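Worksheet: the structure to be examined is printed underneath.
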Amino acid sequence: MALYGAPVWAPSLGKRPAAKLNACQRVMAIRMVRGYRTISREAASLLAGLPPWDLEATVLARMHDLRVEMQRRGETPLPRQVAAWRTEFRRDLRVAWRLRLSQPSAGHAVIEAVRPLFEEWLERGHGALSFRVTQVLTGHGKFGRFLHRIKQERTPGCRHCVDRPEDTVEHTVEVCPAWAEHRRVLVETIGSGDLSRRALVQAMVRSEEGWHAVASFCEAVMLVKEAADRERVRERSSRRRRRDPDPDFRPP
0 MALYGAPVWA
10 PSLGKRPAAK
20 LNACQRVMAI
30 RMVRGYRTIS
40 REAASLLAGL
50 PPWDLEATVL
60 ARMHDLRVEM
70 QRRGETPLPR
80 QVAAWRTEFR
90 RDLRVAWRLR
100 LSQPSAGHAV
110 IEAVRPLFEE
120 WLERGHGALS
130 FRVTQVLTGH
140 GKFGRFLHRI
150 KQERTPGCRH
160 CVDRPEDTVE
170 HTVEVCPAWA
180 EHRRVLVETI
190 GSGDLSRRAL
200 VQAMVRSEEG
210 WHAVASFCEA
220 VMLVKEAADR
230 ERVRERSSRR
240 RRRDPDPDFR
250 PP
């Protein structure tokens, strides 16, 4: 429905309508990747494999214009011609999309991880993103840095480390001793000690086994981090109730 009538309005799409279109796409893309609503449109759309709708609208407009031009000449496009146009225009769309991703407005870390494997990510025939895998790829989840940024934690430190270093995706995946056994299994399966986000994406697109290994690591680790976060929230609520008991409104 978002692209209904695109051949008519696409050539004159202004900044304000484009912004509204982007906002709608962002909501859909975040739902598709099961992510936090703080994820940027560029990052969510890339993870979802959902091209920018304004570029999709341009493809539809170009297809429409070619059909109209042939009809003016009294010709009817053959199915193979239409298929060739569609292939060419989709190729142009991906070139334009990838160029945009070279200068994203947000979501830099995940885009930098996926963009070098742009075609492989879009063309893979396996793997679906889960809530916990998306947390690791985007950094929007139960990480100290993110929780501190959205004011759910007083500090960005890792609750699973004694010296409390900043809890980031990189710290969790590559360094934190709490996940050493999960990390060992992951490294053995993907055959590499490089656990950067780009390396994780590479393992995921390379094979179904690699995708499953990364997903299993994310599920196991983030499940524990989520449980620990819920426990901290309960403890804070309990302390608050002890400190500020409910007032007694009973009559004397």
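Per numbering that gives the first Met the number 0, the very first residue in the sequence shown carries number 0; after that it's consecutive.
Note that beta-carbon positions come from the ideal geometry of N, C-alpha and C, so glycine has one too.
Bear in mind that the values here come from a model prediction, so they are computed numbers and not experimental data.
D228 versus E173 - alpha carbon distance: 20 angstroms
Chain-order list of residues whose beta-carbon lies under 8 angstroms from that of A226 (same chain, five-residue window excluded): none
Option nearest P115 by Cα separation, candidates Q201, T86 and R66: If we check each option's Cα against that of P115, Q201 comes out closest.
Every unbroken beta strand (DSSP E) within the segment 117-175, with a cutoff of 3 residues, ordered by chain: Assignment of beta strand (DSSP E) within the segment 117-175, counting only whole runs of 3 or more residues, yields no such run.
Segments assigned alpha helix (DSSP H), at least 4 residues, entirely inside the segment 44-91: 52-71
Residue environment, V67, which counts as buried when at least 16 other CB atoms sit within 10 Å: Exposed, because fewer than 16 other Cβ atoms sit within 10 Å of the Cβ of V67.
Environment of E41 [buried if 16+ CB atoms lie within 10 Å]: buried
Coil, strand or helix - Q102 by DSSP: DSSP places Q102 in coil when its eight states are reduced to three.
CA-to-CA distance, W210 to F117, given in whole angstroms: 16 angstroms
Of the residues G140, D91, A82 and A214, the one placed nearest V168, counting alpha carbons only: G140
Classification of P51 by the beta-carbon crowding that lies within 10 angstroms, buried from 16 upward: buried
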